[in-house]
Amino acid sequence: MATLRQVAERAGCSTATASRVLNHSGPVSPAMVGKVRKAAGELGYRASGATARGGRRPVIGVLVPSLTNPVFAASLSGIQNRMLTAGHSVLIAQSNYDPLQEANAVSGLMSERPTGLILTVCDGLSSQALLADLPPTVLLHNLPTERFPAAVTVDNFAAGRDLTRYLLQMGHERILFVSGSFVASDRAARRYRGYLEALREAGKQPLDAMQISFVSEYDQIDILAAIRDGRPTAIIGSNDLLALGVIAALRREGLTVPQDMSVAGFDGIVIGKLIDPPLTTVNMPDASMGTTAASLLLDIAENAAPERHLELAYSLHKGGTVRDLNRPSR
């Protein structure tokens, strides 16, 4: 097995410098970080993470907005399965969609001296959690930034545009967008911008977005005022849980889906396929995204691979919750 001294000799530095790089225990120039990681990868050196934690397996830190949202549960499953095969443990934290909690959550992960991080933050451009000196980091669901170019995403802008285009094709011109707070999710904000672009292309006016809490209001959405004021024929939820909450709210008001109101969402979670009729949604590759992010992080941390942005494909699922207004009612 390769030793720390051999890694240092190949990288052309002292053992102390190599140790700081591999254990994330002090400042080192970016050029030297790349040399040490490359040397460690070439030599197959993987003992530093375990040694730094008294013989325990290397740890990867993961931050997600919510542990109860099926989207992030699927991503976590993919991450854990991939890391298990690599001999790494996974430490998980959640931010509750709160930008103020992110920095504390990442600080807690860093106290375990992880060999790398996979982070989903509220907004990749403004998150305070991304300002610290971090080990190799992959953004998951967030677009890459200049400082953190490694990311695994889908094109949420295009997904929002395509779903809105589909509703327009089905004859819907007044479409309400219901979302969790845009401050809490740049994914939702990009989907909304896609919605706006599709309406602009069609020469239609958007309705004011209805923003609620991602955390506590799924099952108590009050949709009546928005329907009365905007008179929509279709509603888009920024994720499937919100879309299902909208359907429940409509039923409380005595309205049926899709006869009285059409509803669509994003994510493709299983429960959306189990309702009657099945939810119209944009299927996202959530589990695959987690696996891909984990593989990318391992490649960067252990093989000195270049940081890069990987974009996975989505698909439109035409369920039964959208009515075709182009067809006359029976």
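Sequential numbering from -10 applies to the sequence shown in this note's numbering.
Note that beta-carbon positions come from the ideal geometry of N, C-alpha and C, so glycine has one too.
Just so it is clear, the structure is predicted and the values come from calculations on it, not from any experiment.
For Met273 and Ala214, the gap between their C-alpha atoms comes out near 31 Å.
In the structure shown, Phe166 adopts extended strand secondary structure according to DSSP, grouped into three states.
One thing to note: Val246 has its Cβ no nearer than 8 Å to the Cβ of Ile210. Pairing Met199 with Thr222 gives a Cβ-Cβ distance that is not under 8 Å. Contact check for Ser8 and Leu(-7): beta-carbon distance about 6 Å, within the 8 Å limit, so the pair qualifies.
Counted as a single uninterrupted DSSP element, the beta strand (DSSP E) harbouring Leu299 occupies residues His298 to Glu300. DSSP places Leu73 in the uninterrupted alpha helix (DSSP H) bounded by Pro59 to Ala75.
Here the alpha carbons of Gly30 and Leu263 stand approximately 46 Å from one another. With a threshold of 16 other beta carbon atoms within 10 Å, Ile260 falls short and is exposed. Listed in chain order, the alpha helix (DSSP H) elements of length 4 or more contained wholly in the stretch 182 to 266 are 213 to 219, 229 to 241 and 259 to 263. The C-beta of Gly67 has 16 or more other C-beta atoms within 10 Å across all chains shown, which makes the residue buried. The beta carbon of Ala290 sits closer than 6 Å to the beta carbons of Thr104, Gly105 and Pro125 from its chain, once the five residues preceding and following it are set aside; these are given in chain order.
Ser100 and Ala94 have their C-alpha atoms some 10 Å from each other. According to the DSSP assignment, Val10 belongs to the alpha helix (DSSP H) that extends over Thr4 to Asn12.
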